[in-house]
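Undergrad: Please find one structure pasted underneath; my questions will follow.
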Amino acid sequence: EMEKSSDPLISTLGRFIYKRFGVDIPAAEWADSHIPEHLQMRVSIRDHRNRELKSARDASILSRLPKIDTRQTEKQSNVWRKAKAQWEKQSIVSWDFKTLPETVSLSPNIAAFPALSPGENSVDIRLFKNRREALESHQEGVKKLFMIHFRKELKLLKKDLKTPAHLSSKTVDFGGPRSVENAMFDTLITHFFDRNIRNETVFNDTAGVVAHEIFHKGRHLMELTGQVLSAYHHATQFIHQVAIKNKSGISAAGICKNLLVEMGALVPRDFVERYAMERLAHLPRYLRALEIRAERGAYNPNKDREKETLIAPLKEALKRNLPDIISGASPEKRRVFEEFFWMVEEYKVSVFAQELKTQVPVSAKRLDEKMREVERMV
């Protein structure tokens with residue numbers, strides 16, 4: 003029996019077939035254009051009394067809805083006006099209201115989604131018609147309410163998050179000291195305050211934890227960021243020096259050039275915000291692995307090319323799936339893709355700089371299985 007899951011159907015079906023029959027079907031192979039008409043989903047549009055207005059096998063009928071009964075529309079508008087008067091509230095600066103439910107039923111056929119909505123110096127409670135929009139607004143509203151609650155502490159935190167003088171010159175590739183400081187601040191705000199909280203007790207409990215941890219976490223983030231900046235600066239200089247020492251060797255120059263590009267992709271301009279704090283701790287090791295590869299590759303380009311053949315299919319798989327990740331893959335696929343990305347980085351360490359050791363066991367077989375898992379998902 004196929005597992006119940008909130009994941010997309012194709013991802014769940016692909017996983018079930020692989021586990022049950024050992025047959026690996028990438029998500030891209032599930033082309034709905036090849037499904038016989040009698041097996042395609044039937045779309046039915048119904049009114050508030052459950053009477054069918056239109057049906058077809060073609061989902062495009064959703065964009066060709068029949069004319070709406072104006073009396074029914076006016077009735078729904080009245081329901082919304084009353085609900086807004088009951089639920090909506092402006093200029094909130096503290097959690098001085100009751101539990102905010104995720105959904106409220108306005109009538110047998112109308113649901114609304116209460117959510118906090120951030121303003122400049124306060125938040126509002128608003129009713130949304132769309133669940134996703136409500137959730138996005140609510141998390142931003144919760145974040146804003148926390149920032150109002152901790153306004154004094156956040157001013158002190160900003161003063162603490164100053165780039166040390168010896169690191170200032172090493173922030174050039176990342177927008178300068180102020181840009182890095184703002185990135186650290188925004189990262190801490192997201193880490194502590196980006197939450198879907200719905201009642202006062204949880205809000206206050208969370209605030210108590212944050213008050214205890216935020217300055218400690220800030221210092222830890224500064225330390226990690228400094229380590230990455232130093233490692234990036236050192237790796238840049240080291241690889242350039244390898245290229246200069248071997249400038250007569252075309253292969254060595256090519257290897258160094260490619261590694262500098264790879265390094266820029268591994269530690270992008272927004273690395274502080276992009277990566278979880280626990281992941282930042284591993285970046286210096288990956289950068290040191292690039293240095294070792296540059297040195298050894300310059301000495302023995304043929305050996306480097308031989309090792310690169312082990313990595314190339316994995317890089318291609320990352321490149322092949324990246325557009326889907328950017329354009330709207332499911333959250334589950336994004337999570338598995340990220341796991342695969344970091345497994346590839348660990349595998350590079352095992353191939354090019356084994357003495358640095360890996361964080362987790364990695365092998366070609368494990369990576370192949372993870373790659374297939376990614377490509378079975380949508």
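Per my numbering, the very first residue in the sequence shown carries number 3; after that it's consecutive.
In this text, a Cβ means the ideal position worked out from N, Cα and C, and glycines have one as well.
Please read these numbers as outputs of a predicted model, since none were measured by experiment.
(1) Under a CB-based cut-off of 8 angstroms, is residue 188 close to chain B?
(2) Does the Cβ of residue 101 have 16 or more other Cβ atoms within 10 Å, making it buried, or fewer, making it exposed?
(3) Assuming contact is defined by CB atoms lying nearer than 8 angstroms, are residue 125 and residue 147 in contact in what I supplied?
(4) Taking Cβ to Cβ, would you say residue 338 is nearer than 8 angstroms to residue 310?
(5) Have a look at the DSSP bridge pairing and note the partners of residue 48.
(6) Between the region 256 to 275 and the region 291 to 307, are three or more C-beta pairs nearer than 8 angstroms?
(7) Along the alpha helix (DSSP H) that carries residue 166, what are the first and last residues, could you check?
(8) Could you give the C-beta distance for residue 2 and residue 224, rounded to a whole number, given that I count them as a contact under 8 angstroms?
(9) In this structure, how does DSSP classify residue 196 when only helix, strand and coil are distinguished?
(10) For a test of the three-state rule: what should DSSP assign to residue 226, helix, strand or coil?
(11) If you drop the 5 nearest sequence neighbours on each side, which residues of the same chain put their C-beta closer than 7 angstroms to that of residue 216?
(12) Between residue 221 and residue 164, what straight-line distance do the alpha-carbon atoms span, to the nearest angstrom?
(13) Please confirm whether residue 290 and residue 231 have their CB atoms less than 8 angstroms apart.
(14) Assess contact between the region 321 to 331 and the region 262 to 281, defined as three or more Cβ pairs (one per stretch) separated by less than 8 angstroms. Is contact present?
(15) Count the other CB atoms within 10 Å of the CB of residue 84; is the residue buried (16 or more) or exposed (fewer)?
(16) Within its chain, find whatever has a CB closer than 7 angstroms to the CB of residue 367; leave out the 5 residues flanking it on each side and keep chain order.
TA: In this structure, then:
(1) Chain labels in this structure do not include chain B; a single protein chain is all it has.
(2) exposed
(3) yes
(4) no
(5) 54
(6) yes
(7) Boundaries cannot be given for residue 166, as no alpha helix (DSSP H) includes it and DSSP labels it neither H nor E.
(8) Any question about residue 2 goes unanswered here, given that the chain covers just 3 to 380.
(9) Residue 196 falls in the coil class under three-state DSSP.
(10) helix
(11) Cβ within range, chain order: 155, 159, 190, 194.
(12) 10 angstroms
(13) no
(14) With a cut-off of 8 angstroms, the region 262 to 281 and the region 321 to 331 do not count as touching, because too few Cβ pairs lie within range.
(15) exposed
(16) none
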